[in-house]
């Protein structure tokens, strides 16, 4: 059985900085590319399966970026691509209800695996991000 290719739109991390530099090696159907997250909120994205958003650490500290990625993730499964999994990246992704959190240097097989999980409605975060999030949860007596 042949799997349908996931239709994605990519929001680059910045001018000349691809959200995921090895996207051409992935079995995904890229149907659009946008220069910024604000553009993704204005774009007609209902025919897409997933939006891939690249971000820098400075974006993760920006309240406008956080608000925009939250709004985008409410409309469509969203993957956040970051240079490194940090506590802030994990918190921003979880607070925004982002479907997938992936590092920029992830191998294409890992990247596609995360995109497929997000497409299926699952959450795909690296173990390191889940560990960081679980450490934030206060312990409660059982």
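In this note's numbering, the protein residues as written are 125 to 266.
In this text, a Cβ means the ideal position worked out from N, Cα and C, and glycines have one as well.
None of these values were measured; they are calculated from a predicted model.
{"Query": "Is the beta carbon of residue 204 sitting closer than 8 angstroms to the one on residue 217?", "Result": "yes"}
{"Query": "Do you know offhand how far residue 134's Cα is from residue 153's?", "Result": "10 angstroms"}
{"Query": "Could you pull the DSSP bridge partners for residue 160 from this structure?", "Result": "DSSP, once it has assigned bridges, lists no residue as partnering residue 160."}
{"Query": "Expressed to the nearest angstrom, what Euclidean distance is found between the alpha-carbon atoms of residue 128 and residue 172?", "Result": "13 angstroms"}
{"Query": "Do residue 178 and residue 242 have their beta-carbon atoms positioned less than 8 angstroms apart in this structure?", "Result": "no"}
{"Query": "In or out: residue 184 buried (at least 16 other Cβ within 10 Å) or exposed?", "Result": "buried"}
{"Query": "Using 10 angstroms around the beta-carbon of residue 187, count the other beta-carbons present and answer buried if the total reaches 16, otherwise exposed.", "Result": "exposed"}
{"Query": "Going by the beta-carbon positions, is the gap between residue 161 and residue 192 smaller than 8 angstroms?", "Result": "yes"}
{"Query": "Rounded C-beta distance between residue 159 and residue 228? I'm assuming under 8 angstroms.", "Result": "At roughly 17 angstroms, the Cβ-Cβ gap does not stay under 8 angstroms, so residue 159 and residue 228 are not in contact."}
{"Query": "Return the chain-ordered list of same chain residues with a C-beta closer than 7 angstroms to the C-beta of residue 165, the five sequence neighbours on each side being excluded.", "Result": "192, 195 and 196"}
{"Query": "Identify the residues that DSSP records as bridge partners of residue 176: which are they?", "Result": "134 and 203"}
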